[in-house]
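Novice: In our numbering, the protein residues as written are 200 to 320.
Built from N, CA and C at the ideal position, the CB exists for glycine as well.
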């Protein structure tokens, strides 16, 4: 069995490995996803300037009517919300950063929600 420390370290190593190849530019910023046990966070980042352009999470006031925040339905809503905010700022294309997590479950739900709401990646 993995210890919690080992799992966290493994995820961080995977994230660094992925980040070697993924970089957000002004034309195509990075959609970064972070997953905790209770919540999920997504933000659109321009890495050349080091600026977060748009952010959304299950803690967002627009999603206060969610029954549970640590499930796939909530993750899909976060994806839709971050896409709506990005489209409002004129961002249509992004590159997806899964944050070292496996593309499955809540991480995939954020991506699907963002795609359905109009983001292209």
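Return the CA-CA distance between residue 229 and residue 318, expressed in angstroms with no decimal places.
Specialist: For the purposes of this step, residue 229 is identified with residue 30 of the chain shown, where counting begins at 1. For the purposes of this step, residue 318 is identified with residue 119 of the chain shown, where counting begins at 1. C-alpha separation (whole angstroms): 12 Å.
Novice: Please classify residue 302: is it buried, with 16 or more other beta-carbons within 10 angstroms of its beta-carbon, or exposed?
Specialist: Residue numbering aside, residue 302 sits at position 103 when the chain shown is read from its first letter. Exposed, by the Cβ-count rule.
Novice: By DSSP, does residue 204 sit in helix, in strand, or in coil?
Specialist: Residue 204 sits at position 5 when you count from the first residue of the chain shown. Note: residue 204 maps to helix in three-state DSSP.
Novice: Output needed for residue 321: all residues of its chain with C-beta closer than 7 Å, excluding positions within five of it in sequence on either side, in chain order.
Specialist: No answer is possible for residue 321: it lies beyond the span of the chain, which begins at 200 and ends at 320.
Novice: Name the one or two DSSP bridge partners that residue 242 has.
Specialist: As a first step, residue 242 must be located in the chain shown, where it is residue number 43. Paired residue(s): 231, 254.
Novice: Considering only the alpha carbon of each residue, which of 226, 234, 311, 289 lies closest to residue 211?
Specialist: Residue mapping note: residue 211 aligns to position 12 of the chain shown, counting from 1. Residue 211 has its Cα closest to that of 234, out of 226, 234, 311, 289.
Novice: Since residue 299 contacts residue 214 with CB under 8 Å, what's their CB separation in whole angstroms?
Specialist: Residue numbering aside, residue 299 sits at position 100 when the chain shown is read from its first letter. Residue numbering aside, residue 214 sits at position 15 when the chain shown is read from its first letter. That belief holds up - the Cβ atoms of residue 299 and residue 214 are roughly 3 Å apart, short of 8 Å.
Novice: Helix, strand or coil for residue 263, going by three-state DSSP, please let me know.
Specialist: Mapped onto the chain shown, residue 263 falls at position 64. Residue 263 falls in the coil class under three-state DSSP.
Novice: Using a Cβ-Cβ cutoff of less than 6 Å, which residues in the same chain neighbour residue 218 once the five nearest sequence positions on both sides are dropped?
Specialist: Along the chain shown, one-based indexing puts residue 218 at 19. There are no such residues.
Novice: Report the option in 216, 244, 206, 314 whose CA atom is closest to the CA atom of residue 224.
Specialist: Along the chain shown, read from residue 1 onward, the residue named residue 224 stands at position 25. Measuring from the Cα of residue 224, the nearest candidate turns out to be 244.
Novice: Mind checking whether residue 320 and residue 288 have CB atoms under 8 Å apart?
Specialist: Numbered from 1 along the chain shown, position 121 holds the residue referred to as residue 320. Numbered from 1 along the chain shown, position 89 holds the residue referred to as residue 288. Not closer than 8 Å, so no.
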